[in-house]
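Each remark here refers to the structure printed beneath this line.
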Amino acid sequence: MKKYVAAFMVIGLFSAASAQDKKETPKPGREHDLLKQFEGQWDAVAKGSHDGKETQSRGAELVRVGYDGFWLVIDYSGDHDGKPFAGHGTMGYDPIKKKYLLTWIDNIAPFAMWAEGDADSSGKKFTFTSEGFCPEFGKVATVRTVMEIQDAKHRTLTFYRPDQTGTEKKMGEIQYTRQS
């Protein structure tokens, strides 16, 4: 009996795979098209506060559309607190969740950031929410990230998180200028 059940499972898997092959491959939609406005080489000036001190650093970010138009691939390099900083991210749209997805890893944190969000009606402002470990508080905190396109040559990335009292505060901001 077990042999028959296993045989039917294998046949079912092949039938499902065959039916999947006959379906049309998904194509990027309007939501994916909005990602193209981030594409390019950008100069960056990051401002924030760290341990009660205002900080400023510079960097560069290369953003390209990849994976058949479904994902942005983001590579950042610069400095952070006077030390070399490098980060890598992706941004795309999940049509099942109807949410934009953002991932980020870098060389100053041993954990990945995963965020979900939405674009406003203009398609120029994207707001993401994530939860991650906050070294300042020693616990998990909710972070709100806002990516906003001002015009073809300028965009801003702003980070917010609750302070010790639970009131949301601006953690930092990166101002980007598109390279010629």
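Quick note on numbering: the sequence shown equals residues 0 to 179 in numbering that gives the first Met the number 0.
Positions of the beta carbon are idealized from the N, C-alpha and C atoms, including for glycine.
What does the Cβ neighbour count give for W70, buried or exposed, with the cut at 16 atoms within 10 Å? So W70 counts as buried.
Can you name, in chain order, every residue of its own chain whose Cβ lies under 6 Å from the Cβ of R143, other than the five neighbours on each side? If we look at R143 and ignore the five residues flanking it on each side, its Cβ neighbours are T128 and Y159.
Which runs of the beta strand (DSSP E) spanning at least 3 residues fall entirely within the segment 93 to 178, listed in chain order? For the segment 93 to 178, the continuous beta strand (DSSP E) assignments of 3+ residues that do not extend past its boundaries occur at 98 to 105, 112 to 118, 124 to 133, 138 to 150, 153 to 161 and 167 to 177, in sequence order.
Kindly identify the DSSP beta-bridge partner or partners of R63. Answer is V72, bridged to R63.
When we look at the beta-carbon of R154 and count the other beta-carbons within 10 Å, is it buried (16 or more) or exposed? Under this definition R154 is a buried residue.
Counting Cβ pairs closer than 8 Å, one from the segment 31 to 41 and one from the segment 161 to 170, do we hit at least three? Because the criterion of three Cβ pairs below 8 Å is not met, the segment 31 to 41 and the segment 161 to 170 do not touch.
Who does G81 pair with in a DSSP beta bridge? None; G81 has no bridge partner.
Please classify F7 as buried or exposed, where buried requires at least 16 neighbouring CB atoms within 10 angstroms. Bear in mind that the predicted position of F7 carries a pLDDT of just 47, short of 50, making it unreliable; the figure below should be weighed with that in mind. Burial call: exposed.
Can you check whether the CB of K98 is closer than 8 Å to the CB of G77? It is not a contact, given that the beta carbons lie outside the stated cut-off.
Quick one: residues in its chain with C-beta nearer than 6 Å to the C-beta of Q149, no 5 flanking neighbours on either side, listed in chain order? Only residues of its own chain outside the window of five on either side were considered, and among them none has a CB closer than 6 Å to the CB of Q149.
State the DSSP-derived secondary structure class of E30, mapped to helix, strand or coil. Annotated three-state conformation of E30 is helix, per DSSP.
Report the three-state DSSP secondary structure of K22 (helix, strand or coil). Judged by DSSP in its simplified three-state form, K22 adopts coil rather than helix or strand.
Note down, in chain order, each residue of its chain lying with its Cβ closer than 8 Å to the Cβ of H31, except the 5 sequence neighbours on either side. Same-chain partners within the cutoff: G68, F69, G91 and Y92.
Check: G65 C-beta below 7 Å from any heavy atom of the ligand ATP: Of the ligands one can find in the structure shown there are none, so the ligand ATP has no counterpart to examine.
List the whole-angstrom C-beta distance separating Y175 from E23, where the pair is believed to meet the contact cut-off of C-beta under 8 Å. Contact between Y175 and E23 fails: their C-beta atoms lie close to 36 Å from each other, not under 8 Å.
In whole angstroms, what is the alpha-carbon distance linking Q178 and V72? Rounded to the nearest angstrom, the two C-alpha atoms are 17 Å apart.
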